[in-house]
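**Q** Residue numbers (our numbering), protein chains in the order written: chain R, 1 to 327; chain F, 1001 to 1339.
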């Protein structure tokens, strides 16, 4: 999956000592930001209330599931899928439509749907080396067009309320949070304990070696994006249930939020390093900062901007660190 | 035709051939539908290519340098917003502010990418998110109207039958970049940096400067594109959505730029952008619903990126030889049975 990072990583122009200084400064910056957040949290009224902490946990449910898929993709060296958010929304539409066959069949059908959509993309990326970013950008356009063909673009509404149990709360937290934990656990297990998981890390670490060693690149690619498709489909199921209907608007900023969580979780951009549970930590960090900004009355724009800057800083820190350990 | 031949074809005259085919399809519209075509349709397709065409030029430039600047769409949004907010009295000031912001953003991103040797995709992705956030901060998350309607009207005035000042600015930008790439050292160095960076550095190319310059150019061009669009529609939107990116990437790839870097020309990218906008105009004339255009553009991008894929060729050769050996085995089996 070499086509991922356009522009091969290469020797940096800056000298090693300069990089160390930059790394120190940035790490100092991150520590300082952490301090600011802590002080902000202590001085912000209502931050440490049980309700607010619950709200933070609840808010990572949907993005957490999509981010699981994103993490597996990044570990495999394909960097990102630009289509996972759209896939979640399309899965939600599909799920709500399929509810007329009953809840259990609808869930099964939606998961199969996500698996198929994901693995087709993954096969093209793994077997042919198609550029994952551009391919998935194209998939967004195609999926959006197809949704309009099949549902004329309107909001799909469920035929009855049989699915409502998906919106139950347990111990004050929504079902989607527990489902997300389940997705994280299963993905972590697959990545750590199965041959497939180890192969994914291998392909990400050195795609050329994996290719030469005769690993089935097409199958691994299909598996990686298939897994991401399933995770997005589960997110779609919960999204459709939560919104009591579904349209393409559900996509929102899901794709970018998932990428941000994956990067902030310390996944190596070029692949081979990272883990699903660390991404969950990344998602929680972002959710905490967003919540804090919200409580302090900052606009949505500021929240988005901080997220973007956080991504850039973490990407640089992780990059410099990985280079430090290699040389 | 084998994939290698198709690839060579795509890289060479193909962009112009494709444009010729689309032009032919456009001219033949009266023969396969009940609709007529007019000069105005040609004018219109140039108009729609004006903003997204510049975006294609920006992304294409980053791809020639072997990088991929995702922040262009963010700069497109920010440029449009700055132009509207700061250009209320003087539209030129608005454009200057947008392009000035482009210089700053490009220098920061290019500096990080060149000096630290990080892949451009994650950096510009963070940049994209941050720029959209900044745009939303400036606009309080709302679309902002541009009261100075005259600017848009004069920018979009039909001149020389097919053109408008806006599309002429777009073409001017392409000509400028084409001249720089074709006739100066910058162009050669740019391709060298995109093709084989280590070799380029060993050969004495100042790769850092080229990279930083490229990212400044992509941001400035994107900002200009956004500013022109805002003036034209007298509104700046905080989030342009995904469609401009799909158009720009497809146009660049159709224009003969490759994702591996080192290849591509400004003329090719222009041909790619014009092919797409003319294709969209045909859809408008024959009144196909919007989603068809979405599907065709997305499908086209999938096809182009598949041909760009490095392992497609070896795959097909492997498949062919496997099929051949299977056939031989069958023949051998048959002969054995006959005996």
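Ideal placement from N, C-alpha and C gives every residue a C-beta, glycine not left out. Every value quoted in this text rests on a predicted model; they were computed, and no experiment measured them.
Nearest to residue 1218 of chain F by CA position, among F/1276, F/1302, F/1128, is which residue?
**A** F/1128
**Q** Compute every distance between the C-beta of residue 1310 of chain F and the non-hydrogen atoms of the ligand FMN, then say whether any falls below 7 angstroms.
**A** Only the bare structure without any ligand can be found here, which leaves the ligand FMN out of the picture.
**Q** Where does residue 150 of chain R land, buried or exposed, given buried means 16+ other C-beta within 10 angstroms?
**A** Exposed.
**Q** List, from N- to C-terminal side, the alpha helix (DSSP H) runs of 4 residues or more that fit wholly inside the region 41-89 of chain R.
**A** 50-59, 61-75
**Q** Which whole-angstrom value describes the C-beta separation of residue 287 of chain R and residue 60 of chain R, a residue pair presumed to lie in contact below a C-beta threshold of 8 angstroms?
**A** 5 angstroms
**Q** Whose Cβ in chain R lies nearer than 8 angstroms to the Cβ of residue 1294 of chain F?
**A** 141, 142, 144, 145, 148
**Q** Please report the Cβ distance between residue 303 of chain R and residue 295 of chain R, rounded to the nearest whole angstrom; I am assuming they are in contact, meaning their Cβ atoms lie under 8 angstroms.
**A** Contact flag wrong, Cβ pair sits at about 11 angstroms.
**Q** Work out the CA separation of residue 1094 of chain F and residue 1257 of chain F for me, nearest whole Å.
**A** 32 angstroms
**Q** Cβ atoms of residue 268 of chain R and residue 318 of chain R: under 8 angstroms apart, would you say?
**A** yes
**Q** Name the DSSP beta bridge partners of residue 318 of chain R, please?
**A** In DSSP, residue 318 of chain R forms no bridge with anything.
**Q** Can you list, in chain order, the stretches of the alpha helix (DSSP H) that have 4 or more residues and sit fully within the region 1247-1288 of chain F?
**A** 1266-1285
**Q** Give me the chain F residues within the contact set of residue 78 of chain R, using Cβ-Cβ distance strictly less than 8 angstroms, ordered along the chain.
**A** Residues of chain F passing the Cβ test: none, with the nearest at roughly 11 angstroms.
**Q** The region 287-308 of chain R: which residues have C-beta closer than 8 angstroms to a C-beta of chain F, in chain order?
**A** 299, 300, 301, 302, 303, 304, 305, 306, 307, 308
**Q** Are three or more beta carbon pairs between the region 1162-1182 of chain F and the region 1043-1052 of chain F nearer than 8 angstroms?
**A** For the pair of segments examined, the region 1162-1182 of chain F was found to touch the region 1043-1052 of chain F: the number of CB pairs separated by less than 8 angstroms reaches three.
**Q** Comparing C-alpha positions only, which one of R/23, R/109, R/42, R/17 sits nearest to residue 229 of chain R?
**A** R/109
**Q** Can you check whether the C-beta of residue 1143 of chain F is within less than 8 angstroms of a C-beta belonging to chain R?
**A** Residue 1143 of chain F does not count as touching chain R.
**Q** Can you give me the C-alpha to C-alpha distance between residue 67 of chain R and residue 123 of chain R, rounded to a whole angstrom?
**A** 20 angstroms
**Q** Check residue 156 of chain R in the structure and name its three-state DSSP category.
**A** strand
**Q** So, does the CB of residue 320 of chain R fall closer than 8 angstroms to a CB anywhere in chain F?
**A** yes
**Q** What separation, rounded to the nearest whole angstrom, lies between the Cα atoms of residue 1192 of chain F and residue 1200 of chain F?
**A** 5 angstroms
**Q** Need the endpoints of the alpha helix (DSSP H) that residue 1032 of chain F sits in, please.
**A** 1029-1032
**Q** When DSSP labels each residue in this structure, what does residue 213 of chain R get in the three-state scheme?
**A** Coil.
**Q** For the alpha helix (DSSP H) containing residue 1050 of chain F, name the first residue and the last one.
**A** Residues 1039-1064.
**Q** What is the DSSP secondary structure of residue 327 of chain R, counted as helix, strand or coil?
**A** For residue 327 of chain R, the predicted model reports a pLDDT of 42, less than 50, meaning its position is unreliable; a value from the coordinates is still stated below. Coil.
**Q** How is residue 1162 of chain F classed by DSSP in three states: helix, strand or coil?
**A** coil
**Q** Here's the rule: buried if 16 or more other CB atoms are within 10 angstroms of the residue's CB, otherwise exposed. What is residue 1328 of chain F?
**A** exposed
**Q** Can you give me, in chain order, the residues of the region 93-109 of chain R that have a beta carbon less than 7 angstroms from any beta carbon in chain F?
**A** none
**Q** Kindly identify the DSSP beta-bridge partner or partners of residue 174 of chain R.
**A** R/169
**Q** I need the boundaries of the alpha helix (DSSP H) containing residue 1138 of chain F, first residue and last residue.
**A** 1120-1139
**Q** Which residues in the same chain as residue 163 of chain R place their Cβ atom closer than 7 angstroms to its Cβ, once the five residues preceding and following it in sequence are excluded?
**A** For residue 163 of chain R, the CB contacts under 7 angstroms within the same chain, skipping 5 residues up- and downstream, are 99, 103, 241 in chain order.
**Q** Within 10 angstroms of its Cβ, does residue 1150 of chain F collect 16 or more other Cβ (buried), or is it exposed?
**A** Residue 1150 of chain F counts as exposed, since fewer than 16 other beta carbons sit within 10 angstroms of its beta carbon.
**Q** Note down, in chain order, every chain F residue with its Cβ under 7 angstroms from the Cβ of residue 56 of chain R.
**A** Going along chain F, no residue has its Cβ under 7 angstroms from residue 56 of chain R, so there is no contact; the nearest lies around 20 angstroms.
**Q** I want to verify the contact list: residues of chain R whose CB lies under 7 angstroms from the CB of residue 1308 of chain F, in sequence order.
**A** 131
**Q** With three or more C-beta pairs closer than 8 angstroms as the rule, is the region 135-145 of chain R touching the region 1291-1305 of chain F?
**A** yes
**Q** Is it buried or exposed for residue 1237 of chain F, if we count other Cβ within 10 angstroms and need 16 for buried?
**A** buried
**Q** Please go through the same chain and pick out, in chain order, the residues whose beta-carbon is closer than 6 angstroms to the beta-carbon of residue 12 of chain R, but skip the five residues on each side of it.
**A** The predicted model places residue 12 of chain R with a pLDDT of 47, which falls under 50 and marks its position as unreliable; any figure quoted below should be read in that light. Correct list: empty, nothing qualifies.
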